[in-house]
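**Student:** Residue numbers (the working numbering): 8 to 257. Sharing a structure below in structure tokens format, with a few things to ask.
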């Protein structure tokens with residue numbers, strides 16, 4: 008084929024404005040191929056982003072392939088997508104940056120989730136592609152040592168294999184090693200590979216649940232008593248036996 012796109016192949020002046028949409032799937036063509044539009048003439052694309060891989064010749068772009076006077080407003084490219092020769096100035100964003108992007112009132116914004124259109128927010132394919140994870144400051148999406156916040160969407164669940172545990176919307180590394188994290192919604196899954204560099208022996212601390220009945224009081228590392236258990240942080244726990252231990256609270 009010649010012209011192809013995730014949303015609209017070709018459109019011309021006065022015939023179409025593309026707004027409030029995003030592409031998840033791969034798009035491929037010989038020419039004029041885009042994640043959102045293949046070819047546009049003096050029109051408008053706004054409030055859109057592309058997550059799919061676009062392949063083609065020099066007229067291939069993650070938003071639009073051949074752009075003849077079309078304006079792009081609030082259009083973003085996931086940094087997971089290979090760069091396209093026709094990408095132009097469309098910003099490339101990490102997951103964390105895309106979560107913060109302002110795409111307007113038609114979108115739903117939730118912690119550790121990419122924006123998704125309100126009208127389709129609960130569809131399994133939308134949920135599994137929107138739910139992501141957030142790592143602690145200073146860590147990367149591939150290598151973690153601290154608890155990770157998971158995207159929480161109705162109808163979606165997470166599972167993990169490797170040295171980590173999931174409690175609600177939090178994944179906690181328990182030792183060094185490779186972690187496979189899987190999001191599941193309906194018949195759709197999405198997998199992530201992470202490396203845990205958390206060394207429980209070197210850290211010299213254990214891991215304990217915030218709801219543990221063995222803990223009678225919590226303190227921060229400066230010795231100040233805490234009203235509630237600080238999930239995802241290192242703290243001092245006083246046990247029923249009267250001992251104090253430094254632990255990672257999950």
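Positions of the beta carbon are idealized from the N, C-alpha and C atoms, including for glycine.
Which residues does DSSP pair with residue 28 in a beta bridge?
**Tutor:** For the purposes of this step, residue 28 is identified with residue 21 of the chain shown, where counting begins at 1. Answer is 55.
**Student:** Residues in its own chain within less than 6 Å of residue 136 by CB, not counting five upstream and five downstream?
**Tutor:** Position 129 of the chain shown, counting from 1, holds the residue named residue 136. Correct list, in chain order: 31.
**Student:** Decide if the stretch 76-95 is in contact with the stretch 103-110; the criterion is three or more beta carbon pairs, one per stretch, under 8 Å apart.
**Tutor:** At 8 Å Cβ cutoff, the stretches touch.
**Student:** Just to confirm, does residue 232 get its C-beta within under 8 Å of one of the non-hydrogen atoms of the ligand ZN?
**Tutor:** By its list of ligands, the structure shown contains no ligand whatsoever, and the ligand ZN lies outside what it can speak to.
**Student:** Is there contact between the stretch 35-46 and the stretch 59-77, where contact requires at least three CB pairs shorter than 8 Å?
**Tutor:** Short answer: they touch.
**Student:** Taking 9 Å as the CB-CB limit, is residue 101 close to chain C?
**Tutor:** No chain C is present in this structure, which holds just one protein chain.
**Student:** Would you call residue 223 buried or exposed, if buried means 16 or more other Cβ atoms sit within 10 Å of its Cβ?
**Tutor:** Numbered from 1 along the chain shown, position 216 holds the residue referred to as residue 223. Exposed, by the Cβ-count rule.
**Student:** With distances taken between CB atoms, is the gap from residue 61 to residue 38 smaller than 9 Å?
**Tutor:** Residue mapping note: residue 61 aligns to position 54 of the chain shown, counting from 1. Residue mapping note: residue 38 aligns to position 31 of the chain shown, counting from 1. Result no, Cβ atoms of residue 61 and residue 38 do not sit closer than 9 Å.
**Student:** Run through DSSP, which three-state label would residue 104 get?
**Tutor:** Numbered from its first residue, the chain shown carries residue 104 at position 97. Three-state result, residue 104: helix.
**Student:** Would residue 94 be called buried (16 or more neighbouring beta carbons within 10 Å of its own) or exposed?
**Tutor:** Locating residue 94 in the chain shown gives position 87, counting from the first residue. That one is buried.
**Student:** Enumerate in chain order the residues of its own chain whose CB-to-CB distance from residue 27 is below 6 Å, with the five nearest sequence positions on each side excluded.
**Tutor:** Taking the chain shown and counting its residues from 1, the one referred to as residue 27 is at position 20. 54, 113.
**Student:** Please classify residue 194: does DSSP put it in a helix, a strand, or coil?
**Tutor:** Against the chain shown, residue 194 aligns to sequence position 187. Three-state result, residue 194: coil.
**Student:** In angstroms, rounded to a whole number, what distance separates the CA positions of residue 12 and residue 63?
**Tutor:** Taking the first residue of the chain shown as 1, we reach residue 12 at position 5. Taking the first residue of the chain shown as 1, we reach residue 63 at position 56. Each residue's alpha carbon lies about 11 Å from the other.
**Student:** Take residue 58 and list the residues in its own chain whose beta-carbon comes closer than 6 Å to its own, dropping the five residues that flank it on each side.
**Tutor:** For the purposes of this step, residue 58 is identified with residue 51 of the chain shown, where counting begins at 1. Excluding sequence neighbours, residue 58 sits near 31, 85.
**Student:** Could you have a look at residue 132 and say whether DSSP puts it in helix, strand or coil?
**Tutor:** Here residue 132 refers to the residue found at position 125 of the chain shown. Reduced to three states, the DSSP call for residue 132 is helix.
**Student:** Give me the residue from 134, 188, 87, 214 with the minimum Cα distance to residue 115.
**Tutor:** Here residue 115 refers to the residue found at position 108 of the chain shown. The candidate whose alpha carbon is nearest that of residue 115 is 134.
**Student:** Just the C-alpha distance for residue 179 and residue 239, rounded to the nearest angstrom, thanks.
**Tutor:** Sequence index remark: in the chain shown, residue 179 carries index 172 (1-based). Sequence index remark: in the chain shown, residue 239 carries index 232 (1-based). Approximately 8 Å between the Cα atoms of the pair.
**Student:** Between 109, 146, 164, which has its C-alpha nearest residue 204's C-alpha?
**Tutor:** As a working note, residue 204 is residue 197 in the chain shown. Closest by alpha carbon: 146.
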